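Take a look at the structure set out below.
Numbering (my numbering), first residue to last: 52 to 138.
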């Protein structure tokens, strides 16, 4: 498994407060598993977590390529950013 670190803005759609679709690098991705809140993964041991909401999920594009993505919401920038891609 390799991990790529990035800080790219993405467009994320949510349904029922969880991610369902994303556009990244001009491609549409559909969430293909149950998203996990990043706060549960990364911030459980921090006494004052940052004002960021994030998700980890697997998504698949129209070619059938799948990756696991970490996306975070920046309160100050008011946008979703892709921060990690796992393949």
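Note that CB positions come from ideal geometry on N, CA and C, so glycine has one too.
Since the structure is predicted, the reported quantities are computational estimates derived from the model, not experimental observations.
Own chain residues within Cβ distance below 8 Å of residue i, not counting five before or after
i: residue 65; result: 71
Residue from the options whose Cα sits closest to the Cα of residue i
i: residue 63; options: 138, 124, 137; result: 124
Short Cβ contact (8 Å threshold) for residue i with residue j
i: residue 74; j: residue 61; result: yes
Contacts around residue i, its chain only, beta-carbon distance under 7 Å, and the 5 residues preceding and following it disregarded
i: residue 79; result: 72, 112, 113
i: residue 121; result: 89, 105, 107, 134, 135
Same chain, Cβ closer than 6 Å to residue i, neighbours up to 5 away in sequence not counted
i: residue 59; result: 133
i: residue 119; result: 109, 137
i: residue 127; result: none
Counterpart residues of residue i in DSSP-defined beta bridges
i: residue 60; result: 132
At which residue ranges does the stretch 62-95 contain complete alpha helix (DSSP H) runs of 4 or more residues, listed in the order of the chain?
-> Complete alpha helix (DSSP H) runs here, min 4: 89-93.
Output the residue ranges of the beta strand (DSSP E) runs that lie fully inside the stretch 105-134 and measure 3 residues or longer, sorted by chain position.
-> 117-125
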